[in-house]
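Peer 1:
Residue numbers (full-length UniProt numbering): 1 to 357.
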């Protein structure tokens, strides 16, 4: 992947200068009037836009750029949003990058590729105006309880949410069903509410941390369940801090008699490889939530393959739900978008018997 996109690496190496040029074009005479905070925010936004543009080109996924552009456009509709408008930004990007063409490091063909992916992203935004909001989670068998759980945590009532979970356990609800029908749908709803600007970042972080705490109250039960001899080793790529999804997957698989070895967020590649060598898992799972971390997942998989580790590798996270072919591009053996699908997939990959759940 890297050799085919040396021109992207060239642009990345010049990004600081390119970002400054873009901001000068966008703000013109106001550029020199920016205070430090405004300048930092604009610079961060510009880098974030470019990260997602360059990554979508590197992984050859128009679908992911479309989804990103649509998300960024909707974010601009939120009251008090200071995010740089994606349409304005990428129009200037095309102007600025045209001046970067040198027919050596960055050719006209490379520029046309960038122009094409941006143009298709614009067309997607125009044809999907107002439709970028994350979809609500499907109704679950615990829908009423999910509504109450959500109400508790959005009111900062962690104790009430924990008592609700304990009540469900006392009423005979299986722990694995709490993950399938309560915790996971809640996290989807939380993301939807944040994207729709109905909750702020602090509320989203509090609710996620509270759910992690409540999940921890279940560990005595989960760890007491009988286990087989199969091991599922899971990790997040380096730089990836969003770990809630893969953490829930590991807990869920523990309920289905798998031994799980979760390494955590932001794991260096060398540490992952060492853990794989030491634990000899039956399946490796790599979680990647942010699109611009996908090349890291691909690179980690390449290193695992070069180390002659003949273990099936799954990848998962938001980008893999948007682009159904993305897992193949990373070199993985597969992906799965739900708890049940993950379980079915790993049992199939390891020649196991899929239990009726």
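Think of the CB as a built atom: it goes at the ideal place given N, C-alpha and C, for glycine as much as any other residue.
So, does the segment 225 to 240 touch the segment 146 to 157, judging by three or more C-beta pairs under 8 Å?
Peer 2: Verdict: no, contact absent.
Peer 1: Is the beta carbon of residue 334 less than 8 Å from the beta carbon of residue 293?
Peer 2: Numbered from 1 along the chain shown, position 334 holds the residue referred to as residue 334. Numbered from 1 along the chain shown, position 293 holds the residue referred to as residue 293. Taking 8 Å as the Cβ cut-off, residue 334 and residue 293 do not qualify as a contacting pair.
Peer 1: State yes or no: is the C-beta of residue 281 within less than 8 Å of the C-beta of residue 311?
Peer 2: Locating residue 281 in the chain shown gives position 281, counting from the first residue. Locating residue 311 in the chain shown gives position 311, counting from the first residue. Result yes, Cβ atoms of residue 281 and residue 311 sit closer than 8 Å.
Peer 1: One question on the structure: do residue 237 and residue 286 come within less than 8 Å of each other, judged by their Cβ atoms?
Peer 2: As a working note, residue 237 is residue 237 in the chain shown. As a working note, residue 286 is residue 286 in the chain shown. Yes.
Peer 1: By the 10 Å Cβ neighbour count, where 16 or more other Cβ atoms means buried, how is residue 220 classified, buried or exposed?
Peer 2: The count along the chain shown starts at 1 and reaches residue 220 at position 220. Label assigned to residue 220: exposed.
Peer 1: Leaving out the 5 sequence neighbours to the left and right, which residues in its chain are closer than 7 Å to residue 338 when beta-carbon positions are compared?
Peer 2: Start at 1 with the first residue of the chain shown, and residue 338 comes out as number 338. Excluding residues within five positions, none has a Cβ falling inside 7 Å.
Peer 1: Assess contact between the segment 160 to 168 and the segment 246 to 265, defined as three or more Cβ pairs (one per stretch) separated by less than 8 Å. Is contact present?
Peer 2: The answer is no - the segment 246 to 265 does not touch the segment 160 to 168, with fewer than three Cβ pairs under 8 Å.
Peer 1: For residue 113, I'd like the list of residues in its chain whose CB is within less than 7 Å of its CB, leaving aside the five on either flank, ordered along the chain.
Peer 2: Residue numbering aside, residue 113 sits at position 113 when the chain shown is read from its first letter. Hits under 7 Å: 57.
Peer 1: Compare the C-alpha of residue 49 against each of 227, 75, 347 and name the closest.
Peer 2: Along the chain shown, one-based indexing puts residue 49 at 49. Measuring from the Cα of residue 49, the nearest candidate turns out to be 75.
Peer 1: Take residue 180 and list the residues in its own chain whose beta-carbon comes closer than 8 Å to its own, dropping the five residues that flank it on each side.
Peer 2: Start at 1 with the first residue of the chain shown, and residue 180 comes out as number 180. Answer for residue 180: 140, 252, 339, 340, listed in chain order.
Peer 1: Measuring only the C-alpha atoms, how far is residue 54 from residue 8?
Peer 2: Position 54 of the chain shown, counted from the first residue, corresponds to residue 54. Position 8 of the chain shown, counted from the first residue, corresponds to residue 8. Distance between the alpha carbons of residue 54 and residue 8 is about 7 Å.
Peer 1: By DSSP, does residue 335 sit in helix, in strand, or in coil?
Peer 2: Within the chain shown, numbered from 1, the residue matching residue 335 stands at position 335. Of the three classes helix, strand and coil, the one that applies to residue 335 here is strand, per DSSP.
Peer 1: For residue 177, collect the residues of the same chain with a Cβ closer than 8 Å to its Cβ; drop the 5 residues on either side in sequence, then sort them by chain order.
Peer 2: The residue labelled residue 177 in the question sits at position 177 within the chain shown. Answer for residue 177: 141, 142, listed in chain order.
Peer 1: Quick one: grab the DSSP three-state call for residue 132.
Peer 2: As a first step, residue 132 is located in the chain shown; it is residue number 132 there, counting from the start. Note on residue 132: pLDDT 49, under 50, position unreliable in the model; the coordinate value appears next. DSSP places residue 132 in coil when its eight states are reduced to three.
Peer 1: Contact between the segment 254 to 271 and the segment 20 to 37: three or more CB pairs below 8 Å?
Peer 2: Too few Cβ pairs lie closer than 8 Å, so no.
Peer 1: If residue 291 sits next to residue 64, beta carbons under 8 Å apart, how far is it from one beta carbon to the other, in whole angstroms?
Peer 2: Within the chain shown, the letter at position 291 stands for residue 291. Within the chain shown, the letter at position 64 stands for residue 64. About 5 Å; that satisfies the 8 Å criterion.
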